[in-house]
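Number of protein chains: 4
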Amino acid sequence: MFIEIDMKSDVPIYEQLKQSVILGIAQKQLAPGEELPSVRQLAADLSVNMHTVAKAYTHLKDKGFLSIHRNRGAVVNDYRDFAADKEYLAALTHALRAFAAEALCRGVKAGEWLGVCNDAYEELSKKRRM
Amino acid sequence: MFIEIDMKSDVPIYEQLKQSVILGIAQKQLAPGEELPSVRQLAADLSVNMHTVAKAYTHLKDKGFLSIHRNRGAVVNDYRDFAADKEYLAALTHALRAFAAEALCRGVKAGEWLGVCNDAYEELSKKRRM
Amino acid sequence: MFIEIDMKSDVPIYEQLKQSVILGIAQKQLAPGEELPSVRQLAADLSVNMHTVAKAYTHLKDKGFLSIHRNRGAVVNDYRDFAADKEYLAALTHALRAFAAEALCRGVKAGEWLGVCNDAYEELSKKRRM
Amino acid sequence: MFIEIDMKSDVPIYEQLKQSVILGIAQKQLAPGEELPSVRQLAADLSVNMHTVAKAYTHLKDKGFLSIHRNRGAVVNDYRDFAADKEYLAALTHALRAFAAEALCRGVKAGEWLGVCNDAYEELSKKRRM
DNA sequence: GTGGTCTAGACCACC
DNA sequence: GTGGTCTAGACCACA
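Okay, structure coming up:
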């Protein structure tokens, strides 16, 4: 499994799990209709608590990324099910403002800022095509 | 005072305070050498506990944004004191990657992504010049 | 527990705690991966407040000596995580200068000074090998 | 006057003053019998409070570095008045142990450690001969 | 007056 | 169970 957890991080494990799955979808390592490992399976693989994995899956379901079927477990949704809406874009802008503010404080110029933003996106985008 | 706190938010009060101060510096509402309200004063204004404000100030001191003088309270540092270093840029890129991943998942195109990033930066930058 | 606190000292309790832990690591009484007592436990053992211990642990985390896991408590980091960098050496030199100045004033000769410095280091180093 | 104060430092101003005077004596910029500026004078020069300067002078008197005469103000004592005694050496060793512990943790080798210690001493010693 | 430290006790998130 | 956050009130050092 491609998911790695940093137990030292101050980011909660279930958040790291969520991000890993989203990363997987972004890079098309996880395609719509694909099944994720069962809660038990993934928890065992990563040596974390079952509840932690379940929590991540539930959150992802609520966000529209996954569907949870009784028999097949967690399945990646169609892209259109979690397309960007206004609400999401507003939240994104707000979150980015905090980062932009610190960058501005630290003397990061506009070009540099956009460069970093672009790198973050392109790095994923490239892997996607592969 | 320009600082506002959302008590309902799940982001800690002291984090909101830190971001507010950084935002203030980014927009030059807070200039180097300028004194911030005393911990007691700000705590009273916002109806939060002294220690919560003190924690925010201490973190900002550790990050290099403020100096804490024994008798003058917290003072904004010179810009060069908290210039971007490699470590910061690495952390920034890493943080942005998580946002970019979700954006990519949700079908946000490269141009759109850069637009949002640019807006976040320019919005602050404009206020700065005023 | 090997940590002892002098309540009469004018150096803050949390600083004494930090030094004790660093001393423990230096002498390899605390090895990488080893768990420290929980904040509640240690606080009870030393009859100090939980928050005081927590402050010490947090500072040590920030310095890179410890990691704080959400469910295992504080764990000693790998040595390479807190290797000496330029910044540290500069701070060390500056701190030692103050001591050297007083020693020089008081007629301590160069050999004597180096002897004391060497003793301080070797004393720890010896215990380490045992 | 050669004394400089860093208002941003977390070292109390009176401690910085004490260290500056000791540094001056160590480097023989201040010789036995020499008069220091009056409390008023020095306080004005440095833009600090008179009480702060007075406190520094009093501490230095207690340590044996200065005598305070009614008419001549603060005067540097003869060297033998503040020669190293056992008590001082014990305190010095103890203080150095804390620094050595952190250095050891951070992978500083014995030679490196002695090098830094030697530098701190020699730097002052050189200025002294000039 | 300022911030720094310590204590005490509460609630919450995470696991 | 763990640590993280917040509140509350005390005392002290510094200036």
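Chains as they are written, first to last, in the working numbering: chain A, 1 to 130; chain B, 1 to 130; chain C, 1 to 130; chain D, 1 to 130.
For every residue, glycine included, the Cβ atom is placed at its ideal position computed from N, Cα and C.
Predicted model only: the values in this text are computed from it and were never measured.
Using the beta-carbon of each residue, which ones in chain A are nearer than 8 Å to residue 69(C)?
Here residue 69(C) is taken as the residue at index 69 of the third sequence, counted from 1. In chain order: 7 and 8.
Would you grab the beta carbon distance between residue 22(C) and residue 76(C) for me? Rounded to a whole angstrom, and I think it's under 8 Å.
As a working mapping, residue 22(C) is identified with position 22 in the third sequence. As a working mapping, residue 76(C) is identified with position 76 in the third sequence. A Cβ-Cβ distance of about 11 Å is found for the pair residue 22(C) and residue 76(C), leaving them out of contact under the 8 Å criterion.
Could you check where the alpha helix (DSSP H) with residue 100(B) kicks off and where it finishes?
Reading the second sequence from its first residue, position 100 is the one you call residue 100(B). Residue 100(B) -> alpha helix (DSSP H) spans 86-105.
Give a yes or no on whether 9 Å exceeds the smallest Cβ distance from residue 3(D) to chain B.
As a working note, residue 3(D) is residue 3 in the fourth sequence. Residue 3(D) does not count as touching chain B.
Use the C-beta contact count for residue 40(C): other C-beta atoms within 10 angstroms, 16 or more gives buried, fewer gives exposed.
Numbered from its first residue, the third sequence carries residue 40(C) at position 40. Classification of residue 40(C): exposed, given that the 10 Å Cβ count is below 16.
What residue does the beta strand (DSSP E) around residue 75(B) start on, and which one ends it?
Walking along the second sequence from the start, residue 75(B) turns up at place 75. Looking at the DSSP string, the run of the beta strand (DSSP E) that includes residue 75(B) is 73-76.
Would you kindly work out how many angstroms separate the C-alpha atoms of residue 11(C) and residue 46(C), rounded to a whole number?
Here residue 11(C) refers to the residue found at position 11 of the third sequence. Here residue 46(C) refers to the residue found at position 46 of the third sequence. Roughly 16 Å between the two C-alpha positions.
Report the residue from 73(C), 89(C), 93(C) and 97(C) whose alpha carbon sits nearest the alpha carbon of residue 19(D).
Position 19 of the fourth sequence, counted from the start, is the residue given in the question as residue 19(D). Closest by alpha carbon: 97(C).
I'd like to know if residue 12(D) contacts chain B, where contact means its C-beta is closer than 9 Å to some C-beta of that chain.
Indexing the fourth sequence from 1 puts residue 12(D) at position 12. With 9 Å as the cut-off, residue 12(D) counts as an interface residue toward chain B.
May I have the straight-line CA-CA distance separating residue 16(C) from residue 89(A), to the nearest angstrom?
In the third sequence, the residue the question calls residue 16(C) occupies position 16. In the first sequence, the residue the question calls residue 89(A) occupies position 89. Distance between residue 16(C) and residue 89(A), taken at the CA atoms: about 49 Å.
State the beta-bridge partners of residue 51(B) as determined by DSSP.
As a position in the second sequence, residue 51(B) is number 51, starting the count at 1. Note: residue 51(B) is not bridge-paired with any residue in the DSSP secondary-structure output.
Grab the span of the beta strand (DSSP E) containing residue 5(C) for me, first residue to last.
Along the third sequence, one-based indexing puts residue 5(C) at 5. Careful: residue 5(C) lies outside any beta strand (DSSP E) and carries neither H nor E.
For residue 46(C), would you say it is in contact with chain D, using Cβ-to-Cβ distances shorter than 9 Å as the test?
Locating residue 46(C) in the third sequence gives position 46, where the first residue counts as 1. At least 9 Å separates the CB of residue 46(C) from every CB of chain D.
Any heavy atom of the ligand COA closer than 8 Å to the CB of residue 55(D)?
This structure does not include the ligand COA; it has no bound ligands of any sort.
Using 8 Å as the threshold, is the segment 98-107 of chain B in touch with the segment 72-87 of chain A, meaning 3 or more CB pairs across them?
At 8 Å Cβ cutoff, the stretches touch.
Between the beta-carbon of residue 67(C) and the beta-carbon of residue 7(A), is there less than 9 Å?
Position 67 of the third sequence holds residue 67(C). Position 7 of the first sequence holds residue 7(A). It is a contact, given that the beta carbons lie within the stated cut-off.
Give me, in chain order, the residues of the same chain whose beta-carbon lies closer than 6 Å to that of residue 74(C); leave out the 5 immediate sequence neighbours on both sides.
Taking the third sequence and counting its residues from 1, the one referred to as residue 74(C) is at position 74. Excluding sequence positions up to five before and after residue 74(C), its CB lies within less than 6 Å of the CB of 36, 57, 66 and 68, all in the same chain and listed in chain order.
Residue 93(A) and residue 120(B) closer than 9 Å at C-beta
Walking along the first sequence from the start, residue 93(A) turns up at place 93. Walking along the second sequence from the start, residue 120(B) turns up at place 120. Their beta carbons are under 9 Å apart, which means residue 93(A) touches residue 120(B) by this criterion.
Taking a contact to mean a Cβ-Cβ separation below 9 Å, would you say residue 53(D) touches residue 79(D) in this structure?
As a first step, residue 53(D) must be located in the fourth sequence, where it is residue number 53. As a first step, residue 79(D) must be located in the fourth sequence, where it is residue number 79. With respect to residue 79(D), residue 53(D) sits apart: the two C-beta atoms are not nearer than 9 Å.
For the alpha helix (DSSP H) that residue 20(C) lies in, which residues bound it at each end?
Against the third sequence, residue 20(C) aligns to sequence position 20. In the DSSP assignment, residue 20(C) falls within the unbroken alpha helix (DSSP H) covering 13-26.
Relative to chain A, which residues along the segment 46-65 of chain B have a C-beta separation below 8 Å, given in chain order?
Across the segment 46-65 of chain B, CB contacts with chain A closer than 8 Å involve 65, in sequence order along the chain.
Residue 46(A), enclosing beta strand (DSSP E) - first and last residue
Residue numbering aside, residue 46(A) sits at position 46 when the first sequence is read from its first letter. No beta strand (DSSP E) contains residue 46(A), which is instead part of the alpha helix (DSSP H) from 39-46.
Does the CB of residue 107(C) have a neighbour CB from chain D at under 9 Å?
On the third sequence, residue 107(C) is found 107 positions in, with the first residue counted as 1. Yes, residue 107(C) counts as interfacial toward chain D.
Expressed to the nearest angstrom, what Euclidean distance is found between the alpha-carbon atoms of residue 9(D) and residue 42(A)?
As a working mapping, residue 9(D) is identified with position 9 in the fourth sequence. As a working mapping, residue 42(A) is identified with position 42 in the first sequence. Spanning the two alpha carbons is a distance of roughly 50 Å.
If you measure beta-carbon to beta-carbon, which residues of the segment 89-102 of chain D are closer than 9 Å to chain C?
Of all residues in the segment 89-102 of chain D, those with a C-beta nearer than 9 Å to a C-beta of chain C are 89, 92, 93, 94, 95, 96, 97, 98, 99, 100, 101 and 102, reading in chain order.
Answer with yes or no whether the minimum CB distance from residue 125(D) to chain C is below 9 Å.
By one-based count along the fourth sequence, residue 125(D) stands at place 125. Yes, its Cβ sits closer than 9 Å to a Cβ of chain C.
Quick test of your reading: residue 27(C) and residue 124(C), contact by CB under 8 Å. State the CB separation rounded to the nearest angstrom.
The residue labelled residue 27(C) in the question sits at position 27 within the third sequence. The residue labelled residue 124(C) in the question sits at position 124 within the third sequence. The Cβ separation is near 6 Å, so the contact holds.
Residue 66(B) - DSSP class collapsed to helix/strand/coil:
By one-based count along the second sequence, residue 66(B) stands at place 66. Residue state, collapsed to three classes: strand.
In whole angstroms, what separates the C-alpha of residue 59(D) from that of residue 38(D)?
One-based indexing of the fourth sequence puts residue 59(D) at position 59. One-based indexing of the fourth sequence puts residue 38(D) at position 38. Going by C-alpha positions, residue 59(D) is about 15 Å away from residue 38(D).
Since residue 118(C) meets chain D, which of its residues come closer than 9 Å, beta carbon to beta carbon?
One-based indexing of the third sequence puts residue 118(C) at position 118. Listed along the chain, the chain D residues whose CB falls inside 9 Å of the CB of residue 118(C) are 110, 113, 114 and 117.
Distance, residue 30(D) Cα to residue 48(D) Cα
Here residue 48(D) is taken as the residue at index 48 of the fourth sequence, counted from 1. Here residue 30(D) is taken as the residue at index 30 of the fourth sequence, counted from 1. Distance between the alpha carbons of residue 48(D) and residue 30(D) is about 22 Å.
Which word fits residue 103(D), buried or exposed, when buried means at least 16 other C-beta atoms lie within 10 angstroms of its C-beta?
Here residue 103(D) refers to the residue found at position 103 of the fourth sequence. Counting Cβ neighbours within 10 Å, residue 103(D) comes out buried, since at least 16 surround it.
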